[in-house]
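Some notes on the structure that comes next.
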Amino acid sequence: MTAPEDTVADALELLLRTIPGVAAVYPSAPLPAVIVGGVLTKTRVVAPPRLVSVSSARGEWRVTAAIGVDENVPAEQTGRAARERIVEYLTSGAASPAGATSPASATLPPRVTVRISMVG
Amino acid sequence: MTPTDDTSPPSGDDLRTLPDRQLTNDELAGHTIDELIDYYDAGLMPPNDSIDTSAGCQLALADIAHLRQLTMHLVDDDSAAQPPVDEGWITSILSHIGAQVEAGRDVPVFGAEVDSRVVITEGALRAIVRAAGDRVDGVFVGRCRFAGDLTELGAPIEVEVEASMLWGQNLMQTAELVRENIVADVRRHTLLNVVAVNVVVQDVRRPSHVDEGGDGREGNDGGPEGSDGGRSRGRGGREGNDGGGPEGGGDVSGVGGTGGAER
Chain X
1 MTAPEDTVAD ALELLLRTIP GVAAVYPSAP LPAVIVGGVL TKTRVVAPPR
51 LVSVSSARGE WRVTAAIGVD ENVPAEQTGR AARERIVEYL TSGAASPAGA
101 TSPASATLPP RVTVRISMVG
Chain U
1 MTPTDDTSPP SGDDLRTLPD RQLTNDELAG HTIDELIDYY DAGLMPPNDS
51 IDTSAGCQLA LADIAHLRQL TMHLVDDDSA AQPPVDEGWI TSILSHIGAQ
101 VEAGRDVPVF GAEVDSRVVI TEGALRAIVR AAGDRVDGVF VGRCRFAGDL
151 TELGAPIEVE VEASMLWGQN LMQTAELVRE NIVADVRRHT LLNVVAVNVV
201 VQDVRRPSHV DEGGDGREGN DGGPEGSDGG RSRGRGGREG NDGGGPEGGG
251 DVSGVGGTGG AER
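Chains X and U, in that order, give the protein sequences.
Heads up, the first sequence is in the UniProt record's numbering, so the first residue is 1 and it goes up one at a time.
Heads up, the second sequence is in the UniProt record's numbering, so the first residue is 1 and it goes up one at a time.
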């Protein structure tokens, strides 16, 4: 069974890839976790780790996404667009964070970090 | 200015070894520079997910690609004499690549909002700077450092780059082009307040047939007419030919000048 966070992470990864200027989505989890996750995936112990880190608690989403951006578009502009699209998705009611006691639209604002890890 | 890394030239003959560590680190997703070079030379085939999905590996591959181009340029210039391309010089650059791809600090590029932010890694920022410098013909930017509080949006930042240049270029003019490119690209991609860009000409590569011919211009630091333009000042304190011939490069510095740009 897929956790709601994983579903959101998958949706956000797809969303990011549609944003003009986003050239890649990289793992946002700490690298040791990525490597261990990769090994466990190969041994079929766990599902592949998500590129976008998503967690939720007490009615709040926390998202970290690491992206590579096209050098032909200002990185700041692409990063800002990525952040806005993520916030839009999380506040659209498409999913509710854990611990939400009210409709998704009334939950706390999501905490979103977009990290530009590569330009070029 | 606070150095962000130690990239003194590698000792010994191990081409892929830094002075104090192997070129394998977390930022390269567990890969070595050797493996990345092989992957690049194989045309990025067969696809390797762990390399293709690692920002650090992608930064290193971009540098390797540029180094390959510059090496070809040197070989072309030397086609008559067919000299060996200086492996020590290449080694030094490779050691820089390994150190420079580290992600480093998160540099804010937008928003001081409590609930969200957009940042660029210091490694990606270095990639912008180096790519901007590398766009100038015959220039390869090696080490890149930042002085100032990168973590505070709007804080004044100084950029210092060390560059290798090909023989036959006017150092001052070339350094100015490097500065202009860096300022323009950093401003285009970020909101950083770059107040100065310092270009240190670390090395001047010249074809060996010039060296062998004995041009009689001792003390020449690489200017096309045996001049450094009268503006740059030697910093290495070394007499004689510091042009960085294939056997002598690596420890020669000339300050290409300091340029500032208030935002």
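C-beta: ideal position from N, C-alpha, C; glycine also.
CB of Leu14(X) within 7 Å of CB of Trp61(X), strictly: On the first sequence, position 14 is the one that residue 14(X) refers to. On the first sequence, position 61 is the one that residue 61(X) refers to. Going by C-beta atoms, Leu14(X) is not nearer than 7 Å to Trp61(X).
Under 9 Å from the C-beta of Ile128(U): neighbouring residues of chain X: Locating residue 128(U) in the second sequence gives position 128, counting from the first residue. Around Ile128(U), the beta-carbon contacts reaching into chain X at under 9 Å are Glu71, Ala75, Val119, Gly120.
Contacts that residue 336(U) makes with chain X (C-beta to C-beta distance below 9 Å): No information on residue 336(U) is available, as it lies outside the stretch 1 to 263 that chain U covers here.
Beta-carbon contacts of Thr78(X) that lie in its chain and below 8 Å, excluding the five residues immediately before and after: Numbered from 1 along the first sequence, position 78 holds the residue referred to as residue 78(X). Result list for Thr78(X): Ile19, Pro20, Gly21, Val22, Ile67, Val69, Asp70, Ile116, in chain order.
Local Cβ density within 10 Å of Thr190(U), reported as buried at 16 or more and exposed below that: The residue you call residue 190(U) lines up with position 190 of the second sequence. Looking at its Cβ environment, which holds 16 or more other Cβ atoms inside 10 Å, Thr190(U) is buried.
Below-7 Å beta-carbon distance, Gln69(U) vs any chain X residue: As a working note, residue 69(U) is residue 69 in the second sequence. No, Gln69(U) does not count as interfacial toward chain X.
Residues near Val129(U) by beta carbon distance below 8 Å, same chain, minus five either side: Taking the second sequence and counting its residues from 1, the one referred to as residue 129(U) is at position 129. Residues Val141, Cys144, Val159, Val161, Ile182, Asp185, Val186 of the same chain have their beta carbon placed closer than 8 Å to that of Val129(U), with the five preceding and five following residues left out of the count.
Partner residues on chain U for Thr113(X), Cβ-Cβ distance less than 9 Å: Translated into the one-based positions of the first sequence, residue 113(X) becomes position 113. Result: Asp106, Ser116, Arg117, Val118, Val119.
Cβ neighbours of Val136(U) in the same chain (closer than 7 Å, five flanking residues each side left out): Here residue 136(U) refers to the residue found at position 136 when the second sequence is read from its first residue. Once the five neighbours on either side are set aside, the close Cβ partners of Val136(U) are Thr174, Leu177, Val178, Asn181.
Listed by chain order, chain X residues near Ala62(U) by CB distance under 8 Å: In the second sequence, the residue the question calls residue 62(U) occupies position 62. Near Ala62(U) (Cβ distances below 8 Å), the residues of chain X are Gly120.
Which listed residue (Ile33(U), Pro46(U), Thr151(U)) has its alpha carbon closest to that of residue 264(U): An answer regarding residue 264(U) cannot be provided, because it is not within the stretch 1 to 263 covered by chain U.
Interface residues of chain X facing Val194(U) [CB-CB closer than 8 Å]: One-based indexing of the second sequence puts residue 194(U) at position 194. Neighbours of Val194(U) on chain X: none; closest Cβ ~14 Å, over 8 Å.
Distance between Ala62(U) and Arg205(U) (C-alpha atoms, nearest Å): In the second sequence, counting from the first residue as 1, residue 205(U) sits at position 205. In the second sequence, counting from the first residue as 1, residue 62(U) sits at position 62. Rounded to whole angstroms, Arg205(U) to Ala62(U) spans 21 Å at the Cα level.
Inter-residue Cα distance where the pair is Leu108(X) and Gly59(X): On the first sequence, residue 108(X) is found 108 positions in, with the first residue counted as 1. On the first sequence, residue 59(X) is found 59 positions in, with the first residue counted as 1. Our two residues, Leu108(X) and Gly59(X), have alpha carbons roughly 6 Å apart in a direct line.
Amino acids of chain U, ordered along the chain, whose beta-carbon sits closer than 8 Å to that of Tyr89(X): Numbered from 1 along the first sequence, position 89 holds the residue referred to as residue 89(X). Going along chain U, no residue has its Cβ under 8 Å from Tyr89(X), so there is no contact; the nearest lies around 13 Å.
Distance between Pro97(X) and Thr121(U) (C-alpha atoms, nearest Å): If you number the second sequence from 1, residue 121(U) lands on position 121. If you number the first sequence from 1, residue 97(X) lands on position 97. Spanning the two alpha carbons is a distance of roughly 28 Å.
Neighbourhood of Thr64(X) by C-beta distance below 6 Å, restricted to the same chain and skipping five residues each side: Residue mapping note: residue 64(X) aligns to position 64 of the first sequence, counting from 1. Cβ neighbours of Thr64(X) beyond the five flanking positions: Ser28, Ser53, Thr113.
Asp149(U) to Ala11(X) span [Cα, whole Å]: Numbered from 1 along the second sequence, position 149 holds the residue referred to as residue 149(U). Numbered from 1 along the first sequence, position 11 holds the residue referred to as residue 11(X). Looking at the two C-alpha atoms, the distance is approximately 35 Å.
Chain X contact for His31(U) (CB, 7 Å cutoff): As a position in the second sequence, residue 31(U) is number 31, starting the count at 1. His31(U) does not count as touching chain X.
Proximity below 7 Å, CB of Val107(U) to CB of Val118(U): Working through the second sequence from its first residue, we reach residue 107(U) at position 107. Working through the second sequence from its first residue, we reach residue 118(U) at position 118. Result no, Cβ atoms of Val107(U) and Val118(U) do not sit closer than 7 Å.
Closer than 7 Å to chain U by CB, Ile116(X): Within the first sequence, the letter at position 116 stands for residue 116(X). By this cut-off, Ile116(X) is an interface position.
Residues that Arg188(U) contacts on chain B, provided the C-beta gap is smaller than 7 Å: This model lacks chain B altogether; the protein chains it does include are X and U.
Whether Ser50(U) touches Ala29(U) by CB criterion (7 Å): On the second sequence, residue 50(U) is found 50 positions in, with the first residue counted as 1. On the second sequence, residue 29(U) is found 29 positions in, with the first residue counted as 1. Taking 7 Å as the Cβ cut-off, Ser50(U) and Ala29(U) qualify as a contacting pair.
Within 7 Å, strictly: CB atoms of Gly123(U) and Leu59(U): Within the second sequence, residue 123(U) is the residue found at index 123, counting from 1. Within the second sequence, residue 59(U) is the residue found at index 59, counting from 1. Contact: yes.
Chain-ordered neighbours of Gly68(X) on chain U, where CB pairs are closer than 7 Å: Mapped onto the first sequence, residue 68(X) falls at position 68. Ordered by position in chain U, the residues that pass the 7 Å Cβ test against Gly68(X) are Ala55, Gln58.
C-beta neighbour in chain X for Phe140(U), strict 7 Å: As a first step, residue 140(U) must be located in the second sequence, where it is residue number 140. Phe140(U) does not count as touching chain X.
With 16 other Cβ atoms within 10 Å as the buried cut-off, status of Ala131(U): Numbered from its first residue, the second sequence carries residue 131(U) at position 131. Label assigned to Ala131(U): buried.
Nonlocal neighbours in the same chain, by C-beta distance under 8 Å from Leu36(U), ignoring five residues either side: Here residue 36(U) corresponds to residue number 36 of the second sequence, with the count starting at 1. Result list for Leu36(U): Leu28, Ile51, Cys57, Ala60, Leu61, Ile64, in chain order.
Where Phe110(U) meets chain X, residues with beta-carbon distance less than 7 Å: In the second sequence, residue 110(U) corresponds to position 110, counting from 1. Neighbours of Phe110(U) on chain X, chain order: Glu76, Gly79, Arg80.
The beta strand (DSSP E) enclosing Val114(X), as first and last residue numbers: For this step, residue 114(X) is matched to residue 114 along the first sequence. It spans 111 to 119 - the beta strand (DSSP E) in which Val114(X) sits, taken as one unbroken run.
Expected contact under 8 Å - CB spacing of Val8(X) and Ala95(X) to nearest Å: Indexing the first sequence from 1 puts residue 8(X) at position 8. Indexing the first sequence from 1 puts residue 95(X) at position 95. Indeed, because the Cβ distance is near 5 Å, the residues count as touching under 8 Å.
Beta-bridge pairing of Glu158(U) - partner residues as DSSP gives them: Sequence index remark: in the second sequence, residue 158(U) carries index 158 (1-based). Paired residue(s): Ala147(U), Ala196(U).
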